[in-house]
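Be aware that the sequence shown starts at 24, since it is given in the numbering used here, and climbs by one per residue.
Here is the structure we will look at.
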Amino acid sequence: MVREYPLIESRIAGVKGKLMLDTGIDQALAVNDHRVPLPPGQPIGTGHFGSGQSFPMRLSTSVPDVQVAHLQFPKVTHVQTKDATQLEHITPDFVGWLGYYFWQGYAMKVDYARSQATFYKGSPEAYLAGEKVIGIIPFEVSKLPNHPLVHVRIGGMEARAAFDTGQYGDGLHG
């Protein structure tokens with residue numbers, strides 16, 4: 024954990040750094056091309072950070088030598104890249120994001136007290152064995168499967184809130 028963000032030690036194309044475990048981004052891997060020198064990718068549009076800034080997005084056909092914790096990938100294809108200079112204030116060695124499609128098909132538990140994420144495959148009975156379930160929060164998804172929304176009440180006001188490990192909160196979503 025760095026500040027409020029779950030980060031994972033990694034190496035991309037020989038550059039050591041940290042990847043943000045970001046449930047709000049859909050790509051399996053997105054790379055900060057300000058920190059990781061890659062050949063220029065093909066422009067694919069403009070993206071937006073939760074804080075409102077926009078950035079050009081590019082598609083790199085191939086990124087070599089990707090290591091995520093103890094997992095090693097000699098080459099990852101079709102990787103989105105973007106200049107994430109502004110996230111280097113969280114940690115100067117910010118190299119990118121791990122997103123929804125990285126763990127698609129698995130259950131993920133983020134344990135902030137232990138600073139670890141655990142991925143499970145199979146039936147819930149197997150990976151919940153021995154755990155005491157104290158509550159279940161039903162959620163819905165609209166257009167984006169990586170943005171679970173829950174209904175909440177704050178005082179007398181009804182609102183919808185989103186789970187997003189990469190969002191510090193911008194006060195614009197309710």
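Note that beta-carbon positions come from the ideal geometry of N, C-alpha and C, so glycine has one too.
For TYR124, the three-state secondary structure derived from DSSP is helix. Between the region 68-81 and the region 31-44, the count of Cβ pairs shorter than 8 Å is below three; the stretches do not touch. Linking GLY153 to PRO147 through their CA atoms gives a straight-line distance of about 12 Å. Residue ranges of uninterrupted beta strand (DSSP E) with 3 or more members, entirely inside the region 33-89 and ordered along the chain, are 38-44, 52-55 and 65-71. For the pair VAL118 and ARG58, the CB atoms are nearer than the 8 Å cut-off. Minimum Cα-Cα distance from ASN55 among the listed residues LEU172, PRO115 and VAL25 corresponds to PRO115. Between the alpha carbons of ILE48 and LYS144 lies a distance of about 21 Å. For GLY119, the beta-bridge partners assigned by DSSP are LEU42 and VAL54. The straight-line gap separating the alpha-carbon atoms of GLY64 and HIS101 is approximately 10 Å. Taking C-beta atoms as the reference points, ASP88 and ALA36 count as a pair closer than 8 Å. When only Cα atoms are considered, PRO60 and GLY179 end up about 50 Å apart. For ALA149, no beta strand (DSSP E) segment is defined; the enclosing uninterrupted segment is the alpha helix (DSSP H) at 147-150. Under DSSP, no beta-bridge partner is assigned to TYR135. Remark: C-beta atoms of ALA51 and PHE125 approach each other more closely than 8 Å.
Assigned with DSSP and collapsed to three states, GLU111 falls in helix.
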